[in-house]
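So the sequences go chain by chain: A and B. Sequential numbering of the first sequence, starting at 13, is according to this note's numbering. Sequential numbering of the second sequence, starting at 4, is according to this note's numbering.
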Amino acid sequence: MPNRPPLPPPPLDPAPLKDMARLLHFAARQGGRSLRRGLPPGALPEPAVRLADAALASAERLGEEARRGASALGRAVMGGGESPPPLSHPEEAAAAARFAAAAHDGLRIALARLGAESCLVSEAAAQSAWRQATQGRAGQSDSAIAAALFEALLAVQAVRETVWAEEGGPPPVGASRLAVFATLLAMLAEPAGFRDLIPAATDIALALRDELAAARPAALQAMFDEFRAHV
Amino acid sequence: MSEPIELHLPATAEPLRVAIRRLRWFREAFARQIAELSADTGLTFTVDDRALARIFVDWLREVEAQKPANAGERRAYFDFVSALMLRNLLREMPLKAGPLPDSADTGRAEFFWPEGFACTLFCLNVRAAVIEQEFDAESQPTPEFFSLRQWWSFRENVRENADAAMGFFDVFTGNNPEWQMPDSFRRRLDRALSAPPARPTLGR
Numbered sequence: 013m014p015n016r017p018p019l020p021p022p023p024l025d026p027a028p029l030k031d032m033a034r035l036l037h038f039a040a041r042q043g044g045r046s047l048r049r050g051l052p053p054g055a056l057p058e059p060a061v062r063l064a065d066a067a068l069a070s071a072e073r074l075g076e077e078a079r080r081g082a083s084a085l086g087r088a089v090m091g092g093g094e095s096p097p098p099l100s101h102p103e104e105a106a107a108a109a110r111f112a113a114a115a116h117d118g119l120r121i122a123l124a125r126l127g128a129e130s131c132l133v134s135e136a137a138a139q140s141a142w143r144q145a146t147q148g149r150a151g152q153s154d155s156a157i158a159a160a161l162f163e164a165l166l167a168v169q170a171v172r173e174t175v176w177a178e179e180g181g182p183p184p185v186g187a188s189r190l191a192v193f194a195t196l197l198a199m200l201a202e203p204a205g206f207r208d209l210i211p212a213a214t215d216i217a218l219a220l221r222d223e224l225a226a227a228r229p230a231a232l233q234a235m236f237d238e239f240r241a242h243v
Numbered sequence: 004m005s006e007p008i009e010l011h012l013p014a015t016a017e018p019l020r021v022a023i024r025r026l027r028w029f030r031e032a033f034a035r036q037i038a039e040l041s042a043d044t045g046l047t048f049t050v051d052d053r054a055l056a057r058i059f060v061d062w063l064r065e066v067e068a069q070k071p072a073n074a075g076e077r078r079a080y081f082d083f084v085s086a087l088m089l090r091n092l093l094r095e096m097p098l099k100a101g102p103l104p105d106s107a108d109t110g111r112a113e114f115f116w117p118e119g120f121a122c123t124l125f126c127l128n129v130r131a132a133v134i135e136q137e138f139d140a141e142s143q144p145t146p147e148f149f150s151l152r153q154w155w156s157f158r159e160n161v162r163e164n165a166d167a168a169m170g171f172f173d174v175f176t177g178n179n180p181e182w183q184m185p186d187s188f189r190r191r192l193d194r195a196l197s198a199p200p201a202r203p204t205l206g207r
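Here's what the structure looks like:
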């Protein structure tokens, strides 16, 4: 029996690895923050100071290593700063991965605009939302697919955690809906430069918050069509 | 003030009538107007960006809903949408002025009502730029714009009913003011077509 060449390894899906590294970074930062907040006011006795300092330094080091790992992985696989694929052509090569990487960045920018101090967004969940939303929708308009993506991103809970800045007042109600709408609206408005459009798209989402709270797919599609040229 | 303060609009490759309907450009143009007014007068302002976005969204919906199909009505429509923007700005007021500078002369409109003056100047300047670009026509404010008496009446009327801003804007631009239903483009147009040109008055 002739020797067959070994099969090539399956393509690497970096999203879960990036998610894990980001989770570590987020958890380490949050842990450090909780530790600082939990320390008793005033001077600590000497052994406790050393213990607290060591714990903080260790949390910060772990978080920084994880952040660097996620960034390096992102750059190695995608090059970084990726544009989303055209929403009306879900069949394009690597569309799911490109969309997920862009959605990750977009959601973070939108949540920061809404007053978040930090947040955790899952790229793997965004990839899964893309697959759910685009399946069987070939030929549909990009705004119809954006409406389906809106529902899917919320259903998979692409926004996993959000920490709100204490000095920024109460967080906006339905912040994830607002951030998801803003991200998709910016992608529809100008895919190549969508990151720069997100602050304005987020403010439009805030202005439409009452409508967005109850919008079903047909209404969402109409809102995307109404505002995509006005970001 | 004898001359309105200029507005150096942000660069755009699009016609101004299109650019002004993009929130980013609109916001940048507004910020520049505030900066130029501040540089000229010493006034200071804070801008509520979220309020400005709400004003923009409401305005956009109103102007899109009343857009005329007839190209011959475009000039009147640009007057209308500029006046409507001023009404919406004054109704929700996204600006807050800081303390007046020491040298402020409250007999001048910009110090008498800084926020109202800033919003009015912005709408006048954007309208003038659009009209120049679209119709190759110059547009200057009427003498009423420089009269403190008119500004006193303007502020008092707007406090009672923000719709009055549209009539005052017409007065400042030399158009026949529509006081009854200023936010209906069709009504303004019908009235303008049926009425002979008249010197605008502020006698409300």
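C-beta atoms are modelled at their ideal positions from N, C-alpha and C, and glycine is treated no differently.
query                                                                                                                           : result
Val60 (chain B) (DSSP reduced to helix, strand or coil)                                                                         : helix
Sufficient close CB pairs (3 or more, under 8 Å) joining the region 112-119 of chain A to the region 203-213 of chain A         : yes
Chain B contacts from the region 104-133 of chain A (Cβ-Cβ distance under 7 Å)                                                  : none
Neighbourhood of Glu9 (chain B) by C-beta distance below 8 Å, restricted to the same chain and skipping five residues each side : Glu39, Asn128
Residues, ordered as in the chain, of the region 130-143 of chain B that lie near chain A by beta-carbon distance below 7 Å     : none
Neighbour flag for Leu12 (chain B) against chain A, beta carbons, 8 Å                                                           : no
The region 177-195 of chain B in contact with the region 98-117 of chain B per 3-pair CB rule at 8 Å                            : no
Short Cβ contact (8 Å threshold) for Val133 (chain A) with Leu166 (chain A)                                                     : no
Ala170 (chain A) and Leu126 (chain A) closer than 8 Å at C-beta                                                                 : no
Close beta carbons around Val168 (chain A), own chain, < 8 Å, minus the five adjacent residues each side                        : Ser134, Ala137, Ala138, Ser140, Ala141, Gln144
Assigned secondary structure, Lys30 (chain A) (DSSP; H/G/I helix, E/B strand, else coil)                                        : helix
Interface positions of the region 42-58 of chain B facing chain A (Cβ-Cβ less than 7 Å), listed along the chain                 : Asp52, Arg53, Ala56, Arg57
CB of Ala213 (chain A) within 8 Å of CB of Val185 (chain A), strictly                                                           : no
Buried or exposed (CB count within 10 angstroms, at least 16 for buried), Arg73 (chain A)                                       : exposed
Val185 (chain A), DSSP secondary structure in three states                                                                      : coil
Exposure of Phe81 (chain B), with buried meaning 16 or more beta-carbon neighbours within 10 Å                                  : buried
Three-state class that DSSP yields for Thr204 (chain B) in the structure shown                                                  : A caution first: Thr204 (chain B) carries a pLDDT of 45, below 50, which makes its placement in the model unreliable, though a value can still be read off. Residue state, collapsed to three classes: coil.
Contacting positions in the region 63-93 of chain B - beta carbon closer than 9 Å to chain A                                    : Leu63, Arg64, Glu67
Extent of the continuous beta strand (DSSP E) run through Ser130 (chain A)                                                      : 128-133
Leu174 (chain A) (DSSP reduced to helix, strand or coil)                                                                        : Strictly speaking, residue 174 (chain A) in this sequence is Thr, with Leu absent from that position. The answer is strand: DSSP assigns Thr174 (chain A) an E or B state.
Alpha-carbon to alpha-carbon, Val174 (chain B) and Thr204 (chain B)                                                             : In this predicted model, Thr204 (chain B) has a pLDDT of only 45, less than 50, meaning its place in the structure is not dependable; the value taken from the coordinates is given anyway. Taking the straight line joining both Cα atoms gives about 7 Å.
4 or more residues per run - each alpha helix (DSSP H) lying fully within the region 7-43 of chain B                            : 19-22
Strand pairing of Ala100 (chain B), partner residues [DSSP]                                                                     : B:Phe48
Within chain A, partners of Val60 (chain B) - CB distance below 7 Å                                                             : Ile216, Ala219, Leu220
8 Å Cβ shell around Ala71 (chain A) - same chain, five flanking residues per side excluded                                      : Ala40, Arg41, Gly43, Gly44, Leu47
Secondary structure of Met184 (chain B), DSSP reduced to three states                                                           : coil
Closest residue to Thr44 (chain B) among B:Ala167, B:Arg162, B:Arg111, B:Phe149 (Cα-Cα distance)                                : B:Arg111
Sufficient close CB pairs (3 or more, under 8 Å) joining the region 154-164 of chain B to the region 112-123 of chain B         : yes
C-beta neighbour in chain A for Leu192 (chain B), strict 8 Å                                                                    : no
Segment contact flag, the region 45-53 of chain B with the region 136-145 of chain B, C-beta cutoff 8 Å, min 3 pairs            : no
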